Amino acid sequence: MDQQAYRTFESILGAENVSQDPGLLDAYTYQWLGEMIGDHTRFGPFRPICVVLPSSTEEVQAIIKTCNRFNLKFKAHSTGWGLYCNPGGDGVVMLDLRRMNRLIEINERDMYAVVEPYVIWAQIQVEAMRRGLNCVTIGAGSCTSALANCTSLMGTANTNVSMGYNERNILGVEWVLPDGEILRLGSLGSGAGWITGDGPGPSLRGIMRGTFGALGGLGVFTKCAIRLYQWGGPSEMPSENIISIEERLLKYPERAALVAPYFENRVDFEEALARIGEAEIAYSIGLLERGLLTLGLGLDNLQSAEMRENLAPSLPKYMFPVLMVANSKSELDYQVKVLDRIIEETRGKRFELLEQEQFRDIITLFLIKGGSVPAKAVFSPTGAFNPILCGYFGTRKTLVKAMDDAEEIKRKYVESGLLADDMAEGGWSPLIIDHGHMEYFEHETLFDPAVPQSTMALMMLTMETNQSLADKKLMIPFASQVKVARAQGMAVHDSIVEHHNCDYRVLQKGFKAAFDPNNAADSCNYIESR
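Dropping the structure here:
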């Protein structure tokens, strides 16, 4: 690395906030799913050239301008979740945004929160609930960066059904472009506060985020406002015994109800989902298929295995819990009556076992906060997982096709013994978004990162599933394809464009060239302008 560039970084941030220590640099290559692109370890193939820790927008701007001056690439991350955060090549300066950790404002009247990159969903949610508000905490976990999700990378949530997808919950944004210019979107750019991310003139939110995000390929986001929604539940939800199935709420919310409908087939399952969305009665919906659910409920792996053998066969296959939260008892009664009518008309029944306290409390927490069940299920058995179909957004009927496809293909890999046995029923999903205008599903798959053959089986499963979707003219799930593209040394959009009906990269490359004329932002998870 050019030592003049390094000294410039030190002059901007102070020597204590810049490092080239080899051990520290290696730590920034160690990521979940690193074994899919490296040498069968979680250490990715590329070290950053140095790591810097800015504490303000102005320092981020100065770092980026220095990178442009010395022909260095840069990549920023906050909480850092997965190989998306790894450098895509040599010579990359890593911006670790952990010092930018302020929850700046909760605006109760206009219902939004203003945050910096290192504020996590749990921080926002606890402050919002105290004010009768709530946020969309995504499935990646309440410990992940809210700003990163809203500005840079997809993430779905059980509450998407009532509070929408976070692509549309982003309001005003402060954005340091790849050339170092500071851009403030929407009302913020006109000095009118954070209330909207659009206007005057054409909106840039589609370029900035879109459905999936640029994953760092279009600069660094330093502040943003996130829309909050009304919350009819209590200001706090204390619990005890925070160990999977033993967890209990000290008091169940008075104006909440959990119902678990089940069906004989996926067609009726999806019809009920659509009707529930149209009725706008659900606060949260979350699928945990039988294999994943039983793996997550056990206190340890032995008990989880026993539950899979003994409990799973008694659970309905086509089932999803629905949480309703109301502002009054009469409203809650209405919601439950409507749901019961929908279940009856779509040939379903209620599975009352999951509505009992033993399961109700932990599933309610899962539906509101993310909860421990899916995390326990995907990490404890083998130490690693990767979802196939991650990023699969569909419409009615296409969801059923994708779910059937994934299960059929995955089963043969599970039966080979190279992937963990979840009965090929490892689906997690909010199922419907925006009251049913869009549907979503992903299939968690457990592999052993210490066994190269298991990692390879996961890669082959991902590729086979994505190809099968393409053959059926269904969409290629973006986040699943990122791993495949990175392993092949390609930018992700270059690896999926052949399956689309037009070469959208023409516009995308044009945006990249216009916003990043020196190609300074690491675009391994986005697209290269040349």
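Numbering (the UniProt record's numbering), first residue to last: 1 to 530. A virtual CB, placed ideally from N, CA and C, is assigned to each residue, including glycine. No experiment lies behind these values; they were computed from the predicted model shown.
Inset, instruction - Give me the Cα-Cα distance between A384 and G199, rounded to the nearest whole angstrom. - result: 43 angstroms
Inset, instruction - For the beta strand (DSSP E) containing M324, list its first residue and its last residue. - result: 322–325
Legend entry - Residue closest to D522, alpha-carbon to alpha-carbon, out of A479, V322, G89: G89
Legend entry - First and last residue of the uninterrupted beta strand (DSSP E) at N386: Looking at the DSSP string, the run of the beta strand (DSSP E) that includes N386 is 385–394.
Legend entry - Check whether A520 and I64 have beta carbons under 8 angstroms apart: yes
Legend entry - Sequence-distant residues of the same chain with beta carbon closer than 8 angstroms to F46, five excluded per side: T29, N86, P87, G88, G89, D90, V92
Legend entry - Proximity winner among E408, K410, G391, relative to E439 (alpha-carbon distances): G391
Legend entry - Uninterrupted alpha helix (DSSP H) stretches inside the region 237–271 (no shorter than 4 residues): none
Inset, instruction - Between the Cα of R255 and those of D333, S239, E306, D268, spot the shortest distance and give me the residue it belongs to. - result: D333
Inset, instruction - Examine the Cβ distances between the region 483–490 and the region 414–429 and report whether three or more of them are shorter than 8 angstroms. - result: no
Inset, instruction - Given a cut-off of 8 angstroms, decide if S284 and L367 are closer than it, judged by their beta-carbon atoms. - result: yes
Legend entry - D110 classed as buried or exposed, judged by whether at least 16 other C-beta atoms fall within 10 angstroms: Exposure of D110 is indicated by the presence of fewer than 16 other C-beta atoms within 10 angstroms of its C-beta.
Legend entry - Residue span of the alpha helix (DSSP H) that contains Y440, given as start and end: Here Y440 belongs to no alpha helix (DSSP H); instead the beta strand (DSSP E) covers 438–446.
Inset, instruction - Would you list the one or two residues that DSSP bridges to residue 531? - result: As displayed, the chain neither begins before 1 nor continues past 530, which places residue 531 out of reach and without an answer.
Legend entry - beta strand (DSSP E) runs wholly inside the region 41–94, at least 3 long, in chain order: 50–52, 73–77
Inset, instruction - For L431, name the three-state secondary structure that DSSP assigns. - result: strand
Legend entry - beta strand (DSSP E) runs contained entirely in the region 169–247, provided each spans 3 or more residues: Counting only runs of 3 or more, we get 170–176, 182–185, 220–227.
Inset, instruction - Take G348 as the anchor and find which of V325, L24, I362, Y318 has the nearest alpha-carbon. - result: Y318
Legend entry - Opening and closing residue of the alpha helix (DSSP H) in which A450 lies: Taken as a continuous stretch (DSSP letters only), A450 belongs to no alpha helix (DSSP H), as it is neither H nor E.
Legend entry - Through-space distance from E16 to A326, alpha-carbon basis: Roughly 51 angstroms between the two C-alpha positions.
Inset, instruction - Would you tell me roughly how many angstroms separate the C-alpha atoms of G139 and Q4, rounded to the nearest one? - result: 43 angstroms
Legend entry - Distance between beta carbons of L287 and L431, contact taken as under 8 angstroms: About 5 angstroms separates the CB atoms of L431 and L287; that is less than 8 angstroms, so the two are in contact.
Inset, instruction - Tell me A521's beta-bridge partners as DSSP assigns them. - result: F74
Inset, instruction - With DSSP as the reference, label V115 as helix, strand or coil. - result: strand
Inset, instruction - State the start and end residues of the unbroken beta strand (DSSP E) segment that holds E105. - result: 103–107
Legend entry - I120 - partner residues in DSSP beta bridges: S145
Inset, instruction - Determine contact between the region 246–255 and the region 308–322, defined as no fewer than three beta-carbon pairs at a distance below 8 angstroms. - result: The region 246–255 makes no contact with the region 308–322: fewer than 3 CB pairs, one atom from each, lie closer than 8 angstroms.
Legend entry - Which listed residue (S56, I195, W175, L399) has its alpha carbon closest to that of I433: L399
Inset, instruction - Would you mind working out which of F221, I49, E270 sits nearest M100, comparing C-alpha positions? - result: F221
Inset, instruction - Output the distance between the C-alpha atoms of A157 and D503, rounded to the nearest integer angstrom. - result: Distance between the alpha carbons of A157 and D503: 30 angstroms.
Legend entry - Buried or exposed (CB count within 10 angstroms, at least 16 for buried), P452: exposed
Legend entry - Which residues DSSP lists as bridging I285, in chain order: Per DSSP, V322.
Inset, instruction - Examine the ligand ATP and report whether any of its heavy atoms sits within less than 7 angstroms of the Cβ of L474. - result: The ligand ATP is absent from the structure shown, which contains no ligand whatsoever.
Inset, instruction - Give the range of the alpha helix (DSSP H) segment to which I368 is assigned. - result: 357–369
Inset, instruction - Go ahead and pull the three-state DSSP assignment for N166. - result: helix
Inset, instruction - Use the C-beta contact count for D2: other C-beta atoms within 10 angstroms, 16 or more gives buried, fewer gives exposed. - result: exposed
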